[in-house]
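Take a look at the structure:
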């Protein structure tokens, strides 16, 4: 990989391209937060950022360290209570894109943020759903951002916190979920997109320098690759400058 | 604060110290710890450092929640030790998602027997928590998730300002302050500033909770540190990051609690111990709003 940018920067830039101008996006903390603010600073100035903490149309002057940061409030379009966030904005179908990640993911885009090991006697107790389950159910589409590793990309999640496109023996349609579910998984080496015909995520795009073998070695299930593999554009100099100088100068996430 | 906590928080009470990253009243949590309350059921969407400290201090028997972590940093170490290894003693958990918690509190506020929500299909959460059930819509036949009302014995709300009667005004990020006050059996309002009722009446749209719901009013400046109060002080992000290290080791964790909780008589002593330099750094830079005209 070109040493003029890091893999976190590549992930942020690639994730930002999933967003279209004017869309309403539910922003998570970490790289998705960087990606959304990058999109707003580049190709999507009219992007509406909604944070789970109730900040609507936020324009944070500093990168928020958590989803509840006073900088999200100052200059926002509206501040709403948690019940409005979940009842009206999310269940009401007003969120076009949600970002999610987790400790484990499977080939259907199901995510685990609850426990490693059995629920009654967990080896690791993770923080839990927070708003993730309802984002997975209600956002019109979901973009997942996660680094590849055989520990995280698993044959079956120990626990499904947030349903993907096929979970507990049923498709989303059969479950009756309003949102279309995860459409893309942005990793540190490639992009996977949902394939309806294969009924699983397939690798559709490689980052510059990444190879299918390397990707497979970091994924716990046997991956399918698209017949025509695209190569992602490397971050531009301007994108890297924005990330380093403006969006995350303290290197909290990058 | 001493009197308010002593009056309404009993061993075995269910307690909801409100706040969603913002307005989390650490001062109240510390006072509960100092009074040595036991077997509490602790409720919140996002239990964070203060509930973790109360677990470490042996106050909490059960936690009802949606997301338990150190926001933006990582794990809650006392919570993890208690739920993974049962150390120093086991902790019972009742786990929802944020939407599930919000729905329970709304049912509690509205005094309804349940609250429906379209959620949890294809997730293991309802298997882990049998109190997430199903209800059939009497109009469409649609199957929806349903949760029961949450009616905490005590809700503790921190806000920017209140009058002596507990009419409380707040702004910035809200959790479920209004809903939880209506759901609660007793409400303690804690304010950065106590103002004349005329101040409250000059801006009635900003009142979160009317005083007639409130049993105790406490004046506690800097009562939320390391959490924040919009317009008063910033989140102490450095503390949240440092906390990961402090709380990972049993010894440094207990040493912290000894020094900053048990050796402090009250919040004033805590603020004095933390030092003026820190609070000068965290003090908010003013951003006044345009103001509104309530004339007729």
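Chains as they are written, first to last, in the working numbering: chain Z, 5 to 258; chain S, 240 to 535.
Glycine included, C-beta positions come from ideal geometry on N, C-alpha and C.
What you are looking at is a predicted structure, and each value in this text was computed from that prediction instead of being measured.
Exercise. With 7 Å as the C-beta to C-beta threshold (strictly closer), list the residues of the stretch 146 to 178 of chain Z near chain S in chain order.
Key: Listed in sequence order: 163, 164, 165, 166, 167, 171, 172 and 174.
Quiz item: How would you label residue 464/S, buried or exposed, when you count the other beta carbons within 10 angstroms and need 16 or more for buried?
Solution: Counting the other CB atoms within 10 Å of its CB gives residue 464/S a total of 16 or more, which places it among the buried residues.
Self-check item: Neighbour flag for residue 525/S against chain Z, beta carbons, 8 Å
Solution: Chain Z has no Cβ within less than 8 Å of the Cβ of residue 525/S.
Practice problem: Would you kindly work out how many angstroms separate the C-alpha atoms of residue 5/Z and residue 502/S, rounded to a whole number? | Solution: Note that residue 5/Z scores a pLDDT of 43, beneath 50, so its modelled location is shaky; the value from the coordinates is reported in the next line. The alpha-carbon separation between residue 5/Z and residue 502/S amounts to approximately 54 Å.
Self-check item: Where the stretch 347 to 378 of chain S meets chain Z: residues whose CB sits under 8 Å from a CB there
Solution: Result list: 356, 357, 358, 359, 360, 361, 362, 363, 364, 366 and 367.
Quiz item: Leaving out five residues before and five after residue 411/S in sequence, what residues of the same chain have Cβ atoms less than 6 Å from its Cβ?
Solution: Taken in chain order, the residues that qualify are 261 and 469.
Practice problem: Answer yes or no: do residue 429/S and residue 266/S have a C-beta to C-beta separation smaller than 8 Å? | Solution: In this structure, residue 266/S lies closer than 8 Å to residue 429/S by Cβ.
Exercise. Confirm, please, whether the CB-CB distance from residue 169/Z to residue 185/Z is below 8 Å.
Key: Yes, they are a contact pair.
Quiz item: Within the 8 Å Cβ cut-off, does residue 256/S reach chain Z?
Solution: Cβ-Cβ to chain Z under 8 Å: no for residue 256/S.
Self-check item: Burial state of residue 293/S, where buried means 16 or more other Cβ atoms lie within 10 Å
Solution: Classification for residue 293/S: buried.
Quiz prompt | Contact set between residue 391/S and chain Z, taken where Cβ atoms lie within less than 8 Å | solution = Those do not exist, as residue 391/S stays about 16 Å from chain Z at its closest Cβ, beyond 8 Å.
Exercise. Return yes when the Cβ of residue 406/S is within less than 8 Å of the Cβ of residue 339/S, no when it is not.
Key: Not in contact: residue 339/S and residue 406/S (Cβ atoms no closer than 8 Å).
Quiz item: Cα-Cα, which of 33/Z, 220/Z and 158/Z is closest to residue 76/Z?
Solution: Of the candidates 33/Z, 220/Z and 158/Z, 33/Z places its Cα closest to the Cα of residue 76/Z.
Quiz prompt | Short Cβ contact (8 Å threshold) for residue 31/Z with residue 53/Z | solution = Yes, the Cβ-Cβ distance between residue 31/Z and residue 53/Z is below 8 Å.
Quiz item: So, is the C-beta of residue 399/S closer than 8 Å to a C-beta in chain Z?
Solution: Closer than 8 Å to the CB of residue 399/S there is not a single CB belonging to chain Z.
Quiz item: Are the C-beta atoms of residue 74/Z and some chain S residue less than 8 Å apart?
Solution: For residue 74/Z, at least one C-beta of chain S is nearer than 8 Å to its own C-beta.
Exercise. Answer yes if the stretch 221 to 239 of chain Z comes into contact with the stretch 153 to 171 of chain Z, meaning at least three C-beta pairs across the two stretches below 8 Å, and no otherwise.
Key: Using a Cβ-Cβ distance cut-off of 8 Å, the stretch 153 to 171 of chain Z and the stretch 221 to 239 of chain Z are in contact, since at least three pairs of beta carbons, one from each stretch, lie closer than that value.
Practice problem: Leaving aside the five residues before and after residue 458/S along the sequence, list all residues of the same chain whose C-beta is less than 7 Å from its C-beta, in chain order. | Solution: So the list reads 430 and 433, once near-sequence residues are dropped.
Quiz item: Quick one: is residue 306/S near chain Z, going by C-beta distance under 8 Å?
Solution: True, the Cβ-Cβ gap to chain Z drops below 8 Å.
Quiz prompt | Chain-ordered neighbours of residue 531/S on chain Z, where CB pairs are closer than 8 Å | solution = Within 8 Å Cβ-Cβ: nothing; residue 531/S doesn't reach chain Z, min ~15 Å.
Practice problem: Quick one: grab the DSSP three-state call for residue 5/Z. | Solution: Because residue 5/Z carries a pLDDT of 43, less than 50, the predicted location of this residue cannot be relied on, and the following value inherits that uncertainty. Annotated three-state conformation of residue 5/Z is coil, per DSSP.
Self-check item: Close beta carbons around residue 486/S, own chain, < 7 Å, minus the five adjacent residues each side
Solution: For residue 486/S, where only same-chain residues beyond five positions count, the Cβ hits under 7 Å are 291, 316, 317 and 492.
Quiz item: Which residue comes first and which comes last in the alpha helix (DSSP H) that contains residue 77/Z?
Solution: It spans 74 to 77 - the alpha helix (DSSP H) in which residue 77/Z sits, taken as one unbroken run.
Self-check item: Three-state class that DSSP yields for residue 30/Z in the structure shown
Solution: Assigned with DSSP and collapsed to three states, residue 30/Z falls in strand.
Quiz prompt | Run of the alpha helix (DSSP H) containing residue 145/Z, from where it starts to where it stops | solution = Per DSSP, residue 145/Z is not a residue of any alpha helix (DSSP H); the beta strand (DSSP E) it occupies stretches across 145 to 149.
Practice problem: For my contact list, residue 18/Z and residue 195/Z are in at a C-beta cut-off of 8 Å; report their separation, rounded to the angstrom. | Solution: Their Cβ separation, rounded to whole angstroms, is 6 Å, which keeps residue 18/Z and residue 195/Z in contact under 8 Å.
Quiz item: Relative to the alpha-carbon of residue 510/S, which residue among 271/S, 462/S and 484/S has its alpha-carbon at the smallest distance?
Solution: That would be 462/S, whose Cα lies nearest to the Cα of residue 510/S.
Quiz item: When the cut-off is 8 Å and only beta carbons count, does residue 419/S lie next to chain Z?
Solution: No, residue 419/S does not count as interfacial toward chain Z.
Quiz item: In angstroms, rounded to a whole number, what distance separates the CA positions of residue 478/S and residue 218/Z?
Solution: Using only the alpha carbons, I get a separation of about 39 Å.
Quiz item: From which residue to which residue does the beta strand (DSSP E) around residue 258/Z run?
Solution: Unbroken run through residue 258/Z: none, as it is neither H nor E.
Quiz item: Going along the chain, which unbroken runs of the alpha helix (DSSP H) with 4 or more residues stay wholly within the stretch 347 to 420 of chain S?
Solution: The stretch 347 to 420 of chain S contains these whole alpha helix (DSSP H) runs: 364 to 367.
Quiz item: Relative to the alpha-carbon of residue 56/Z, which residue among 27/Z, 183/Z, 46/Z and 93/Z has its alpha-carbon at the smallest distance?
Solution: Answer by Cα proximity: 93/Z.
Quiz prompt | Meets three-Cβ-pair contact criterion under 8 Å: the stretch 413 to 428 of chain S and the stretch 327 to 345 of chain S | solution = The stretch 413 to 428 of chain S makes contact with the stretch 327 to 345 of chain S: 3 or more CB pairs, one atom from each, lie closer than 8 Å.
Exercise. Give a yes or no on whether the C-beta atoms belonging to residue 84/Z and residue 113/Z are separated by under 8 Å.
Key: The Cβ atoms of residue 84/Z and residue 113/Z lie no closer than 8 Å to each other.
Practice problem: State the CB to CB distance for the pair residue 27/Z and residue 51/Z, rounded to an integer number of angstroms; the pair is presumed to be in contact (CB under 8 Å). | Solution: That pair is a contact at about 6 Å.
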